[in-house]
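Engineer: If you scroll down you'll find the structure; I have some questions about it.
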């Protein structure tokens, strides 16, 4: 019943300075509203549509940049891991390790992440039902870690399209773990531009608001000062300038949602 | 930007007295909150899963009962039509003619309904994209009637399952016509019980709230004093006793939604 | 275990002469191969995407033209009905009454058609699971007619797309009723061209062949001498000139399929 | 236009002896019919539904067993890889490295596999459109290896269900790379048994036959002498005893398909 948390940042980490600029502006907007903030950026985009898509800074430079941002802005950090051996070094910097949706059933990755004792944010695979996440969670808790977050990011719906089932949010919340809505990946159009994913950024605030009204724990948003120049996921990102107003309006819905909880 | 309207009632009209009892309780709850109310009930269930499912009172007895309820409670009436020749007699009693989802592309039905000059509520077919509704609307306006409502009631998603795309609501609102969320049919499980549809009534308030938070014109809910005894759609109905609290909480979200409109 | 039957013709009946030309060429190609032939054409397209789409000849002129083709070519006729009152007059000419997919749960239409004692071809709705057809069949047999055909024409898959589940064919065949594959509507892209449906005619032979290899009773194909000029469904039609080769190749697969039946 | 190849074996490698027994029976059945045979078994099930599902022999014991089977039976071997560092050791034994469907967009894995110069069999992700595979293939060819196979194994369709679009086979064949139909995974019901996947083994021969009739390069089938005792994927496996008859009937369809190629 606490206020929602914002997990936000660019899709791909571009530099320590660029990341700190974004983190700083988001942290400031959140602080004004009493909203928790976690900075998100990826050091490696390991599953781009095309081999020609930019991969990112890589693990060494990326972790150094994330550490700098963390110390600079004073916010917790979330980033995604792709191989079991990345979990230990990443957990030295990141507070939350994120399991990518495509990898959410890879037992070795889940368990290596779990063993770091970081918080584990599991993105629900586009190919899973909400109730299937129970077994995914078990893989983490079996490894001795019950600090789990569950993130909805849309479900396969025909070709090159995702759809979000709002029922999934309270359904997953029944596990007892905090549920996050990924408002920007859920409006991706995977492969929709041929060699890259398209997206419908205009609908990201729609997804965020509908989800927040159900009383979830947090919302995940990718944002950029110049979305059209972002090296990945530009079409579904929200412009950084629009974030303060969006957070403010979400806060209004969050407050009523938390005093009027949905009970299944 | 006006407060949302509630369209509600039992799925199937059982008698004038039973309908009036439900209409009376809903009208009272709505009046307290300044929420508009339209009574909904069907005189014929023309497309039951099984031939053994109860069809209802029929058009003559049904229209007489609806007229009695309307005069008794003083609320507008919505009911569905299935054949072009039903439109004229139904429009003598009903304020809103509803086009069933399966029939939403039947040109003759749409145009016969349009010509009555009643308001026409078109349910989006489970097989249509939101943007396909533009051409459905055109069939009505081409017949000279632009008093159109558009209702979302879920989209086919695999077998025996519906899913609701929240993007459809602002997408359809771009047509300029009022958009209604059908919170109970969207949680149907068509054919899910073999010879009848199943449903997940626990999720109906979830659908209503998420939709209302987007600032839509109204919400459609089937309700019954004893849902488990309702002759149709019992598994997805909300109990009548729970309606006042639900309307009250929806009103809270509606108010913020109307002062913070979503713009695509 | 008899050879497959071809149900084919233009989507929309354009004139008696045009229909007879197509029926004649198809009947000739089928006769050479010992394949049964039924001529299909619609006198009214009652659910076009747009009100501006051509509706067709209408029931009076259409039935006269179908009667002329039947007497001219000597082949059985199938055509679709949309309202209960159409069933009797249509059954005076047509040997098979077809229930459109969108209307496959409309009890009155199914039962009016059943009572004519014509053969009833029910197209499976795009929103139904194969096993749901059992209850649809019951509506017809309950009205005293067990001469039923079941046609697969694709299932909703995301927006503006259909997909065909080959499992549906043997699944429906378990009812004991003959199963037909509609090879051209199953490659429609409903609403895919905005104001009209698109289609992938290049895949129609793929659907026909895969289905025939499973030993079904027949295949349904819309064809035209000039598909690009057809008033409806042109994008998914097969050119008339290509039909003889297609029928011939399907016959090869049909023969092995019938001697090697799939048993569930 | 060559005869189809059978890729088959148990889902999970249980022992060298058990694998050799299955490989021997399949190789014998294929040899009689002039059908090529590749033995498939996994040394590690890296993405079981539940952590309690059996993982398998592991890489060291598994590769030793596969090497023994290969030398014993004299057939090529295919097995799946999950981490980039597995590719080199696996390629010392296996002739074909298989990329699991969930991992088909993981650039590092695809490129590590490519660099071994083994043949690479890429399973199409349940979340991908057939045309998206072009970019997946590019990741492999960009790493200097163009010995690629593409395998269809079904697409997400609602919850806990897969559907196979037969159009995907000729669509993927347009890339010029051989296309394989995975007849047993495509009838899986992912998560359908709660803590494990269900399956509809009765439909696996349906999928195989429909696909073979389209003239594809090969079919992939998991089989076991006692499917109900198999440590994974039992519900969708074909019994080993039924394999000779199935291969024989597929051969009949393959022959006509190869002399009557589908051309898009």
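Chains as they are written, first to last, in the numbering used here: chain X, 25 to 288; chain A, 25 to 288; chain F, 25 to 288; chain U, 25 to 288. The beta-carbon is built from N, C-alpha and C at its ideal position, and this holds for glycine as well. These numbers were taken from a predicted model, which means no experiment stands behind them.
Between residue 181/F and the rest of its own chain, which residues show a CB-CB distance below 6 angstroms, the 5 nearest in sequence each way excluded?
Structural biologist: Counting only Cβ-Cβ distances below 6 angstroms, and skipping sequence neighbours, we find 187.
Engineer: Please confirm whether residue 93/U and residue 101/U have their CB atoms less than 8 angstroms apart.
Structural biologist: For residue 93/U and residue 101/U, yes; Cβs fall inside 8 angstroms.
Engineer: Is the separation between the beta-carbon of residue 25/A and that of residue 282/A shorter than 8 angstroms?
Structural biologist: In this structure, residue 282/A lies closer than 8 angstroms to residue 25/A by Cβ.
Engineer: Please classify residue 20/U as buried or exposed, where buried requires at least 16 other C-beta atoms within 10 Å of its C-beta.
Structural biologist: There is simply no residue 20/U to check, as chain U begins at 25 and stops at 288 in what is shown.
Engineer: Is the distance from the Cβ of residue 43/X to the Cβ of residue 89/X below 8 angstroms?
Structural biologist: Going by C-beta atoms, residue 43/X is nearer than 8 angstroms to residue 89/X.
Engineer: Residue 284/X: which of 39/A, 287/A, 284/A and 270/A sits nearest, CA to CA?
Structural biologist: Closest by alpha carbon: 270/A.
Engineer: Sort 62/X, 52/X and 55/X by Cα distance to residue 32/X and report the nearest one.
Structural biologist: Looking at the Cα atoms, 62/X is the closest of the given residues.
Engineer: With 16 other CB atoms within 10 Å as the buried threshold, where does residue 250/A fall?
Structural biologist: Answer is exposed; the Cβ neighbour count stays below 16.
Engineer: For the stretch 132-150 of chain F against the stretch 159-171 of chain F, are there 3 or more C-beta pairs whose distance is under 8 angstroms?
Structural biologist: Output reads yes: the stretch 159-171 of chain F touches the stretch 132-150 of chain F.
Engineer: Please report how far the alpha carbon of residue 195/A lies from the alpha carbon of residue 153/A, in whole angstroms.
Structural biologist: In a straight line, the C-alpha of residue 195/A is about 10 angstroms away from that of residue 153/A.
Engineer: By a C-beta neighbour count over all protein chains shown, 10 Å radius and 16 as the cutoff for buried, is residue 288/A buried or exposed?
Structural biologist: Answer is exposed; the Cβ neighbour count stays below 16.
Engineer: Using a threshold of 8 angstroms, state whether the C-beta atoms of residue 207/U and residue 243/U are closer than that.
Structural biologist: The answer is yes: Cβ separation under 8 angstroms.
Engineer: Going by the beta-carbon positions, is the gap between residue 60/F and residue 54/F smaller than 8 angstroms?
Structural biologist: Against a cut-off of 8 angstroms, the Cβ pair of residue 54/F and residue 60/F comes out as a contact.
Engineer: Measure the Cβ-Cβ separation of residue 144/X and residue 199/X and say whether it is below 8 angstroms.
Structural biologist: Contact: no.
Engineer: Could you tell me which of 218/U, 229/U and 233/U sits nearest to residue 266/U, measuring between CA atoms?
Structural biologist: Cα-wise, what sits closest to residue 266/U is 229/U.
Engineer: For residue 141/A, count the other beta carbons within 10 Å of its own beta carbon; 16 or more makes it buried, fewer makes it exposed. Which is it?
Structural biologist: Per the 10 Å Cβ criterion, exposed.
Engineer: Since residue 156/F meets chain A, which of its residues come closer than 7 angstroms, beta carbon to beta carbon?
Structural biologist: Per Cβ cutoff of 7 angstroms: 215.
Engineer: What whole-angstrom Cβ distance do residue 223/F and residue 211/F have, given they're in contact under 8 angstroms?
Structural biologist: Yes, residue 223/F and residue 211/F are in contact; Cβ-Cβ is about 6 angstroms, under 8 angstroms.
Engineer: Unbroken alpha helix (DSSP H) runs of length 4 or more, entirely within the stretch 160-197 of chain U: which are they?
Structural biologist: Counting whole runs of 4 or more residues, the stretch 160-197 of chain U contains the alpha helix (DSSP H) stretches 192-197.
Engineer: How about residue 184/U and residue 214/U: do their beta carbons lie closer than 8 angstroms?
Structural biologist: Yes, the Cβ-Cβ distance between residue 184/U and residue 214/U is below 8 angstroms.
Engineer: Residues in its own chain within less than 8 angstroms of residue 221/A by CB, not counting five upstream and five downstream?
Structural biologist: Counting only Cβ-Cβ distances below 8 angstroms, and skipping sequence neighbours, we find 73, 212, 213, 214, 215, 257, 259 and 260.
Engineer: Checking 8 angstroms against the spacing of the C-beta atoms, do residue 1/F and residue 80/F come in under that value?
Structural biologist: Here chain F has residues from 25 to 288 only, and residue 1/F is not among them.
Engineer: Could you spell out the range, first to last residue, of the beta strand (DSSP E) harbouring residue 61/F?
Structural biologist: Note, residue 61/F: beta strand (DSSP E), 60-64.
Engineer: So which of 248/F, 177/F, 50/F and 95/F has the shortest CA-CA distance to residue 204/F?
Structural biologist: Among 248/F, 177/F, 50/F and 95/F, the Cα nearest to that of residue 204/F is on 177/F.
Engineer: Please identify the residue among 227/U, 192/U, 99/U and 155/U whose C-alpha is closest to the C-alpha of residue 217/X.
Structural biologist: Considering only alpha carbons, the answer is 155/U.
Engineer: Taking the alpha carbon of residue 75/X as the reference point, which residue from 65/U, 158/U and 56/U has its own alpha carbon closest?
Structural biologist: Checked all of 65/U, 158/U and 56/U; the closest Cα to residue 75/X is 158/U.
Engineer: Flag residue 266/X as yes if its beta-carbon sits less than 8 angstroms from any beta-carbon of chain A, otherwise no.
Structural biologist: No, because no Cβ of chain A sits closer than 8 angstroms to the Cβ of residue 266/X.
Engineer: If we count the other Cβ atoms within 10 Å of its Cβ and call it buried at 16 or more, is residue 246/X buried or exposed?
Structural biologist: Residue 246/X should be labelled buried.
Engineer: Between residue 190/U and chain F, is there a C-beta pair that is closer than 8 angstroms?
Structural biologist: Yes, because at least one Cβ of chain F sits closer than 8 angstroms to the Cβ of residue 190/U.
Engineer: For residue 232/F, which of 248/F, 201/F and 272/F has the nearest alpha-carbon?
Structural biologist: Among 248/F, 201/F and 272/F, the Cα nearest to that of residue 232/F belongs to 272/F.
Engineer: From the DSSP output, read off the bridge partner residues of residue 148/A.
Structural biologist: Note: residue 148/A sits in no beta bridge, so no partner.
Engineer: Do residue 28/X and residue 254/X come within 8 angstroms of each other at the CB atom, strictly closer than that value?
Structural biologist: Contact: no.
Engineer: Below 7 angstroms CB to CB, which residues in the same chain sit around residue 227/A once its five sequence neighbours on both sides are set aside?
Structural biologist: If we look at residue 227/A and ignore the five residues flanking it on each side, its Cβ neighbours are 211.
Engineer: Please go through the same chain and pick out, in chain order, the residues whose beta-carbon is closer than 6 angstroms to the beta-carbon of residue 149/A, but skip the five residues on each side of it.
Structural biologist: For residue 149/A, where only same-chain residues beyond five positions count, the Cβ hits under 6 angstroms are 125 and 128.
Engineer: Is the shortest distance between the beta-carbon of residue 151/A and the beta-carbons of chain X less than 8 angstroms?
Structural biologist: Not an interface residue.
Engineer: Looking at the unbroken alpha helix (DSSP H) that takes in residue 279/X, where does it start and where does it end?
Structural biologist: Segment 267-283, the alpha helix (DSSP H) holding residue 279/X.
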